[in-house]
Ligand code: KG4
Ligand code: ZN
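Residue numbers (my numbering): 37 to 409.
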């Protein structure tokens, strides 16, 4: 049969009102985490399984795409089995599959997408292709679980809301009028904020990923000790590459070396106190820009809520300073839902399914490594 006939025969999502829950199985493999989760009705977390290949990348100081892709192949089937067993469900209970098809590393995305396509065909399930960046924000829609050890937001944000999406690859401020009606107010013009954290960590001899280790070290430092230039950006855009270079120059100056002194040699020359001061000063500047832009957008658009998403949302000083500056008590998802996971895809997939958003063709869906919002 032709591709078109096949498409016509594909299962459609039909809301079934006799059933209490719509169970979406989410798959996420955009970087180094192989993740599968089941979420009911977009809010109820039934399982969340994440296998990370981080340990294999650590010695290289960053994710190696080929190693990540190979690890996904090994981990995806056990993760699927674990996600269904944790949710106490089988394939008959799953109403649809949502897979993050971009943005990310192409080899990594391919494993998740091919798995989702195969499952959709074999089990005859509707398939939804979700955007990784968009899905991060949906960690803020997960409000209930019976799984132990999760701190969830008390309620889903009301529209219109402002989302600060900050990760190792993205830094953007988005105004949501509805699930699918949003406006990207600003984004980074160079490095992502998490990427800057990772590079600064490397410069200070701290392990990858840099965010948590820089945050820890900054506790012993004085954030006002190193004067860093404020980047002037138009509108709501961000820039982090200048800040990272300014920090490198400050570190070289501290040890009395010239600007061509290699950054790899810095950790051995800097004292613990100097490292802590550099970490604290960098963190203050990095967070300062995020808070300042969010505050300006908050005043301009008067949203009903502000949410933070992505790996950098795990930052305690970011959460505190944002709450303080906005003058609101900022709710935030569990760290396990801030970093890469599949529950966020399953939650967003529910809104795709119930809002008649584009159904993906399991025979042709391709990855989109540079997908944006
Ligand atoms: O969302 P995520 O898990 O993966 C991407 O899609 O990028 O984000 C990972 C990023 C890394 O750059 C990591 O250094 C950063 O989040 N991160 C943090 C913290 N925890 C993780 N950045 C600042 N403070 C933290 N506590
Ligand atoms: Zn991510």
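The beta-carbon is built from N, C-alpha and C at its ideal position, and this holds for glycine as well.
Proximity test, residue 251 beta-carbon vs the ligand KG4 heavy atom, cut-off 6 Å = Counting from 1 along the chain shown, the entry for residue 251 is found at position 215. Correct: residue 251 has its Cβ closer than 6 Å to the ligand KG4.
Hey, could you find the ends of the beta strand (DSSP E) residue 137 is sitting in?
-> For this step, residue 137 is matched to residue 101 along the chain shown. Looking at the DSSP string, the run of the beta strand (DSSP E) that includes residue 137 is 132-138.
Can you name, in chain order, every residue of its own chain whose Cβ lies under 6 Å from the Cβ of residue 409, other than the five neighbours on each side?
-> To locate residue 409, count along the chain shown from 1; it is residue 373. The residues are 169, 170, 220.
Considering only heavy atoms of the ligand ZN, list every residue whose Cβ is less than 5 Å from one of them, following chain order.
-> 203, 376
With DSSP as the reference, label residue 371 as helix, strand or coil.
-> Sequence index remark: in the chain shown, residue 371 carries index 335 (1-based). Three-state result, residue 371: helix.
Could you tell me the boundaries of the alpha helix (DSSP H) in which residue 281 lies?
-> If you number the chain shown from 1, residue 281 lands on position 245. 277-290 is the span of the alpha helix (DSSP H), which, as asked, contains residue 281.
Residue 74 bridges to which residues according to DSSP?
-> By 1-based counting over the chain shown, the position of residue 74 is 38. Residue 74 pairs with 61, 83.
Take the Cβ of residue 152 as the centre, count every other Cβ of all protein chains shown within 10 Å, and call the residue buried at 16 or more, exposed below.
-> If you number the chain shown from 1, residue 152 lands on position 116. Under this definition residue 152 is a buried residue.
Exposed or buried, residue 263, counting other C-beta atoms within 10 Å across all chains shown (16 or more means buried)?
-> In the chain shown, counting from the first residue as 1, residue 263 sits at position 227. Sixteen is the threshold: since fewer than 16 other Cβ atoms of the shown chains lie within 10 Å of the Cβ of residue 263, the residue is exposed.
Can you have a look at residue 383 and say buried or exposed, based on whether 16 or more other CB atoms are within 10 angstroms of its CB?
-> Your numbering for residue 383 matches position 347 in the chain shown. Looking at its Cβ environment, which holds 16 or more other Cβ atoms inside 10 Å, residue 383 is buried.
Stretch-stretch touch, CB-based, cutoff 8 Å, three pairs: the segment 299-317 with the segment 344-355 | Because the criterion of three Cβ pairs below 8 Å is not met, the segment 299-317 and the segment 344-355 do not touch.
Mapping DSSP to helix, strand and coil, what is residue 253?
-> Taking the chain shown and counting its residues from 1, one reaches residue 253 at position 217. Residue 253 carries a helical assignment under DSSP once its states are collapsed to helix, strand and coil.
Does the count of Cβ pairs from the segment 394-402 and the segment 203-217 closer than 8 Å reach three?
-> The segment 394-402, when compared against the segment 203-217, does not touch it at the 8 Å Cβ threshold.
Along the alpha helix (DSSP H) that carries residue 313, what are the first and last residues, could you check?
-> Translated into positions along the chain shown, residue 313 becomes position 277. Start and end: 308-337.
Using 6 Å as the cut-off, classify the Cβ of residue 348 as near or not near the heavy atoms of the ligand KG4, replying yes or no.
-> The sequence position of residue 348 within the chain shown is 312, counting from 1. A heavy atom of the ligand KG4 is found nearer than 6 Å to the CB of residue 348.
Would you please verify whether the beta carbon of residue 395 is less than 7 Å from any beta carbon of chain B?
-> Absent here is chain B; the protein component of the structure consists of one chain.
Considering only C-alpha positions, which residue in the set 343, 246, 271 is nearest to residue 332?
-> Here residue 332 is taken as the residue at index 296 of the chain shown, counted from 1. Ranking the options by Cα distance to residue 332, first place goes to 271.
Spatial distance of residue 175 from residue 164 (CA atoms) = Here residue 175 refers to the residue found at position 139 of the chain shown. Here residue 164 refers to the residue found at position 128 of the chain shown. About 17 Å.
When burial is assigned at 16 or more other CB atoms within 10 Å of the CB, is residue 235 buried or exposed?
-> For the purposes of this step, residue 235 is taken as residue 199 along the chain shown, with counting starting at 1. Residue 235 comes out buried.
With distances taken Cα to Cα, identify the nearest neighbour of residue 321 among 346, 276, 341.
-> The residue labelled residue 321 in the question sits at position 285 within the chain shown. For residue 321, the nearest C-alpha among the options comes from 276.
Unbroken beta strand (DSSP E) run spanning residue 268, endpoints = Taking the first residue of the chain shown as position 1, residue 268 is located at position 232. Unbroken run through residue 268: none, as it is neither H nor E.
Mind pulling the beta strand (DSSP E) runs of 3 or more residues that sit fully within the segment 99-155?
-> 132-138
Which two residues bound the contiguous alpha helix (DSSP H) that contains residue 207?
-> Position 171 of the chain shown, counted from the first residue, corresponds to residue 207. It is not in any alpha helix (DSSP H) - residue 207 instead sits in the beta strand (DSSP E) that spans 207-214.
Quick one: residues in its chain with C-beta nearer than 6 Å to the C-beta of residue 186, no 5 flanking neighbours on either side, listed in chain order?
-> For this step, residue 186 is matched to residue 150 along the chain shown. Cβ within range, chain order: 370.
From 81, 142, 136, pick the residue whose C-alpha is nearest to that of residue 102; which is it?
-> Along the chain shown, one-based indexing puts residue 102 at 66. Distance check between residue 102 and each of 81, 142, 136 places 142 closest, using alpha-carbon atoms only.
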